[in-house]
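Novice: Starting off with a structure, shown below.
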Amino acid sequence: MPPSFTVDLEAGFRGLIEAAGLSPAASRLIWLPLPMLLVLVAAVVGVLVTVWLERKISAAAQQRIGPEYAGALGILQPMADGLKLLVKEDVIPARADGLLFTLGPVLVVVPVILSWLIVPFGQHLLISNVGIGIFLWIALSSVQPIGLLMSGYASNNKYSLLGGLRAAAQSISYEIPLALAVLAVVMMSNSLSTVDIVDQQSGAGILSWNIWRQPVGFLVFWICALAECERLPFDLPEAEEELVAGYQTEYAGMKFALFYLGSYINLVLSALLVTVLYLGGWGFPLPVEWLASLLGQNIDAPLVQVVSATLGIVMTVLKAYLLVFTAILLRWTVPRVRIDQLLDFGWKFLLPIALVNLLATAALKLAFPAVFGG
Amino acid sequence: MFGFLRQVGDYTRDAVSASRHIAAGLSVTFDHLRRRPVTVQYPYEKLIPSERYRGRIHYEFDKCIACEVCVRVCPINLPVVDWVMNKATKKKELRNYSIDFGVCIFCGNCVEYCPTNCLSMTEEYELAAFDRHSLNYDNVALGRLPTSVTTDPSVIALRELAYLPKGELDPHTVAADRPRAGQRPDQIIAAEAAPSSPENS
Amino acid sequence: MPPLADLTELIVFVLLAAGVVVGSLGVVLLPNVVYSAFLLGGVFLSVAGLYLLLNASFIAAAQVLIYVGAVNVLILFAIMLVNKREPMADAPGLGLRRLLSSGVCAGLLWLLLRVAYTTPWATPGPTPLGEDAVVRLGEHFFTDYLLPFELASVLLLMAMIGAIVLARRDVFASDIGTGEAADQGLIEKARSPLLIEKTRP
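Those protein sequences? They're chains A, B and C, same order as listed.
Numbering of the first sequence is given in our numbering, commencing with residue 504 and proceeding in unit increments.
Numbering of the second sequence is given in our numbering, commencing with residue 24 and proceeding in unit increments.
Numbering of the third sequence is given in our numbering, commencing with residue 2 and proceeding in unit increments.
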C-alpha cells in the first residue's frame, strides 16, 4: 500500500532540496534554522495582530475609533509602535546593575518564544513533536519569574523590585493550578504530546472537544493563563496606580519592547494552548472525514489533504484569536484584584478546584473509559 | 461535619454569583461594541461652539472709555488698562489695554459689566502657545476676530449633541439643514403668538 | 551524518559542562549573594541541558520546573525580601577559615574523582528510553520506589506545616497595643482604632 499523502513540511522541503541535487546532510543543515525563523516570524506577526486587535477592540468597547491613519484601519500601527521603540534611546539608569538589567528582559522573552515549539497547527505542522510536549511549556514558563525578579532587582528602584516580586509570586502561585488543569487533560489523552492531545479530541467534531469533558479545567486553565500573562484582572505586577509600571518602570526602548513583546507572545501562546487542550486544536467543528465523504472525496487525496491542513491552520488561529478577544473584553470588564485577593484566589479557590477536577477526572476515567480516554 | 458542608455550599454559591456578575459585566462590554463612535476628528473636523460660548475675549479699542469696571469685576483684577489723564481735554486717554489669557478664567464678568460693550466673548478656544507670555494679548491682538468654524474651508463643521435632531447621536450623518431638537426662541414666540391671534381677531 | 551530530554534541557538552563548573564556582566565590543566586539558576539550567544531551527530556523539564522555577525563585525571593545591602564585616581569622573550607572541598573533590575513576562504568550505558521514560518513571514510583516516594511526600508535608506554623505567628503572638490575639489577616479583620482611649486606668 503506498503511503498516503500528508502535509509534512520538513519532508516536503528536504525532498525539494534533495531533488535539486544536494546531499541529505546539506538539506538537513538548510532545514534546521528554518523552523526557528518560522517560530519567530509567527510569534511576531501574532503579536502585531494582537496589538492591533487590542487597540481596535478596546476602542470599540469605549466607543472610540482607535488607530486609523497608519495603514488601512490603522493596521500598521503596531509596526509604527515597534519601530518607535526600536529607535528610542536605550537608557540604563546610572545606579542600576547593567548586566542583570540587560539580561532580565531576555530571560523573560526567550522561554516564551521557545514554548512555541510545541504548538501544533496540524498533524505535522508543528516545529517539533517532542514527547514531553505540554510539560515543556509548563517547565519553560516557570523560568520567566527569574527574568522578572532579575529586572526588578537590577533596576535599583523600589517600584521595580516590588513589581518583580509580585510578578514572581503571582507566577508561581498560578503555575500550580495551571499544571493540575493540564494534568487532567493529559490523563485523558494518555500522552503529554500536544499532537496526541488534539488527536484524542478529534472524531466527533465539536462534540468531542475537551471543553465538554473538562469545563472546570477549562475555566481554571484560562484564569491561570490570564494570570500568567499578567492580563488585566491580574495585572498588578504593573499596576500603574500603585507601582508606576512595576518591573518595567526603568526600562525604555528595545528592552521595554521585549517585555511588551513577551507579554503579548505569551497571551497568544496561552490562547493557542487553550485551543489545543480544550477546543480541539486544528479540528473543524464538523469532522473533516465526514465532510470529505459527504463531498465524495477521498481523505488521503493530496488536494483534500492540503485543503484540510489549511482549514486546520485557519481553525487554530481563529479559535486562538477568539480567546484573545475574550481576554480583551475581560480587560475592560473586570476590575483589578488586590494582591491578597489574588493570592487567596489562587491558593484557596483555584488550587482546590483544580485538585478536585483532577480527582474527578481520574474517577470518571476509571468509570467511563470510553468517554474519558481509556 | 454539617457546618463544613454548609461552608462548602456557601462558598459554591459565592463563586457562582461572582461568575454571574462577571458574565453580566461581559455582556455590557460586549453590548458597547455595537455602539458606533461619535469621534470628531479634531483638526479636520470641529464642533460648532454654542451661541453663548465663552471663548477668547474680543476688545474694541475705540469704544473703551478706560473706566476700569472690567478690572474691578474681574476676580483677579486681570485686565491692564494703561491710560493717562489728558490735562488739556480733562479726559482719560487710553494708551494700551491687555488681558493675559494664560491667567484668565473666562468667567465673562468683564463682558457682562462693560458699560460701552467694547468687550465681548468670541468662540475661539484654540489658545495653545509655545510660550505662556505670548498669551498676554494687547489691544491689537484682542481686536482680531477669530476664524469662524463654519466659514473655515479647511474644517468640516459639526453640530454639538444638543443641536442635533431628536434621536440623533452622530453629527456626521445628519444633514446640515435638519432642524435641531426642540424649538428656537423665535419659533416659541411665533407659537405663542399664533394661538392668541385667532382669539384677538 | 554521525560526524556532524557527534561534533555538535561534543561542543554542546563542553559548553554545558563549562557552564556548570564556572557557574558553581561563581555561586560559591562571588561576594554578591544576588549574583550567586542567579548563577545558581544558570547552573540548574546547564544541568537540565546535560539531561537533554542524555536523551532524558522529561527529567530535564522536571529539573527546570522544580529547581529553576521553584527552588531558585524561592531563594531569590528570600534574598530580595531581606535585601539590606549592608557591607559584610570580615570575620576574624577569615584566611584560615577559607583555607580550611577549601581543604575540605578539595578532599571531597578528590574522593569523588576517585569514585568516578575506580567505578567500572558500563559504557555505552543503557539505551535511553526517550518517550517511554514517563511511563517507566511512573511505574517505578508506584512499585519498587513507593516507600521513598511516600516518605518524601510526608517530609514535604511536615515542612509545609512547619512553615505555616512559623508564618502564622498569631498562634502565639498577641497585639502589643491592645493585648488581644494578633491576627495576620490584615484586611478582613475588624481593626481597633490606632489611638486607644486611655481614659479608664
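The C-beta atom is built at its ideal place from N, Cα and C for all residues, glycine as well.
Which two residues bound the contiguous beta strand (DSSP E) that contains lysine 114(B)?
Specialist: Note, lysine 114(B): beta strand (DSSP E), 114-123.
Novice: Can you list, in chain order, the residues of its chain whose CB lies under 8 Å from that of asparagine 860(A), leaving out five sequence neighbours each side?
Specialist: Here the set comprises Leu683, Ala684, Ala687, Gln717, Val719, Gly720 and Val723.
Novice: Report buried or exposed for arginine 115(C), applying the criterion of at least 16 other Cβ atoms within 10 angstroms of its Cβ.
Specialist: Arginine 115(C) should be labelled exposed.
Novice: Taking the continuous alpha helix (DSSP H) assigned at serine 102(C), which residues delimit it?
Specialist: 95-119 is the span of the alpha helix (DSSP H), which, as asked, contains serine 102(C).
Novice: Would tryptophan 619(A) count as contacting chain B if we go by Cβ distances under 8 Å?
Specialist: Judged by the 8 Å Cβ criterion, tryptophan 619(A) is not in contact with chain B.
Novice: Would you give the residue range spanned by the beta strand (DSSP E) that tyrosine 82(B) belongs to?
Specialist: First-last of the beta strand (DSSP E) with tyrosine 82(B): 80-82.
Novice: Do alanine 760(A) and leucine 589(A) have their CB atoms nearer than 8 Å?
Specialist: Result yes, Cβ atoms of alanine 760(A) and leucine 589(A) sit closer than 8 Å.
Novice: Would you report the Cα separation of proline 623(A) and isoleucine 630(A), rounded to the nearest angstrom?
Specialist: Each residue's alpha carbon lies about 8 Å from the other.
Novice: Thinking just about the alpha-carbon of each residue, which of Ser663(A), Ser796(A) and Ile560(A) is nearest to the one in proline 596(A)?
Specialist: Considering only alpha carbons, the answer is Ser663(A).
Novice: Secondary structure at lysine 189(B), three-state DSSP: helix, strand or coil?
Specialist: Coil, per DSSP.
Novice: Alanine 180(B) bridges to which residues according to DSSP?
Specialist: Answer by DSSP bridge pairing, in chain order: Lys69(B).
Novice: Here's the rule: buried if 16 or more other CB atoms are within 10 angstroms of the residue's CB, otherwise exposed. What is proline 102(B)?
Specialist: Burial call: buried.
Novice: Quick one: is threonine 864(A) buried, meaning 16 or more other Cβ sit within 10 Å of its Cβ, or exposed?
Specialist: Buried: at least 16 other Cβ atoms inside 10 Å.
Novice: Between serine 654(A) and chain C, is any beta-carbon pair separated by less than 8 Å?
Specialist: Answer no: the Cβ-Cβ gap between serine 654(A) and chain C never drops below 8 Å.
Novice: Going straight from the alpha carbon of leucine 113(C) to that of leucine 541(A), what length do you get?
Specialist: For leucine 113(C) and leucine 541(A), the distance between alpha carbons rounds to 45 Å.
Novice: Taking its Cβ as the centre, do 16 or more other Cβ atoms sit within 10 Å of tyrosine 160(B), making it buried, or is it exposed?
Specialist: Counting Cβ neighbours within 10 Å, tyrosine 160(B) comes out buried, since at least 16 surround it.
Novice: Asparagine 109(B) bridges to which residues according to DSSP?
Specialist: Its beta-bridge partners are Lys114(B).
Novice: Take glutamate 146(B) and list the residues in its own chain whose beta-carbon comes closer than 6 Å to its own, dropping the five residues that flank it on each side.
Specialist: Same-chain partners within the cutoff: Pro72, Tyr76 and Gly78.
Novice: Under the three-state reduction of DSSP, which class applies to isoleucine 188(C): helix, strand or coil?
Specialist: Because isoleucine 188(C) carries a pLDDT of 47, less than 50, the predicted location of this residue cannot be relied on, and the following value inherits that uncertainty. Coil.
Novice: Can you tell me the Cα-Cα spacing of isoleucine 80(B) and threonine 112(B), whole angstroms?
Specialist: When rounded, the distance between both Cα atoms is 30 Å.
Novice: Can you find a C-beta in chain A that's less than 8 Å from the C-beta of asparagine 56(C)?
Specialist: Not closer than 8 Å to any Cβ of chain A, the Cβ of asparagine 56(C) fails to qualify, so no.
Novice: Along the chain, where does the alpha helix (DSSP H) containing methionine 880(A) start, and where does it finish?
Specialist: In the structure as shown, chain A begins at 504 and stops at 877. Residue 880(A) is therefore absent and cannot be evaluated.
Novice: Quick check on alanine 62(C) - is its C-beta less than 8 Å from some C-beta in chain A?
Specialist: Closer than 8 Å: yes.
Novice: So, are the CB atoms of cysteine 727(A) and leucine 770(A) less than 8 Å apart?
Specialist: No, the pair does not count as a contact, with Cβ atoms beyond the cut-off.
Novice: Give, in chain order, every residue of the stretch 625-636 of chain A whose Cβ lies closer than 9 Å to some Cβ of chain C.
Specialist: If the cut-off is 9 Å between Cβ atoms, the stretch 625-636 of chain A has Val633, Gly634 and Ile635 near chain C.
Novice: Does the ligand SAH have a heavy atom nearer than 7 Å to the CB of valine 126(B)?
Specialist: Of ligands this structure carries none, so the ligand SAH is not represented either.
Novice: Is the beta carbon of serine 674(A) less than 8 Å from the beta carbon of tyrosine 750(A)?
Specialist: Not closer than 8 Å, so no.
Novice: Closer than 7 Å by beta-carbon distance: list the chain A residues that pair up with glutamate 132(C), in chain order.
Specialist: Result: Gly634.
Novice: Let me know if glutamine 206(B) comes out buried or exposed under the rule of 16 or more other beta-carbons within 10 Å of its beta-carbon.
Specialist: By the 10 Å Cβ count, glutamine 206(B) comes out exposed.
Novice: Is the CB of methionine 2(C) under 8 Å away from at least one CB in chain A?
Specialist: Residue placement at methionine 2(C) cannot be trusted, given a pLDDT of 46 that sits under 50; what the coordinates show is reported in the next sentence. Interface residue, yes.
Novice: So glycine 24(C) packs on valine 44(C), CB below 8 Å; how close in whole Å?
Specialist: Yes, they are in contact, since the Cβ atoms of glycine 24(C) and valine 44(C) sit about 4 Å apart, within 8 Å.
Novice: Assess, as a yes-or-no matter, whether the stretch 153-171 of chain B is touched by the stretch 191-202 of chain B under the definition of 3 or more beta carbon pairs within less than 8 Å.
Specialist: Taking 8 Å as the limit for Cβ pairs, the verdict is that the stretch 153-171 of chain B does not touch the stretch 191-202 of chain B.
Novice: Answer yes or no: does any C-beta atom of chain A fall closer than 8 Å to that of valine 69(C)?
Specialist: So yes, valine 69(C) belongs to the interface.
Novice: Starting from methionine 539(A) and walking both ways along the alpha helix (DSSP H), at which residues does that stretch end?
Specialist: From DSSP, the alpha helix (DSSP H) with methionine 539(A) extends over 536-564.
Novice: By Cβ distance below 7 Å, which residues in the same chain neighbour serine 692(A) in space, the five residues on each side in sequence not counted?
Specialist: Asp699, Ile700, Gln703 and Gly876, listed in sequence order.
Novice: Keeping to the same chain, check which residues put their C-beta closer than 8 Å to that of valine 65(C); ignore five residues upstream and five downstream.
Specialist: These residues qualify, in order along the chain: Phe45, Leu46 and Ala49.
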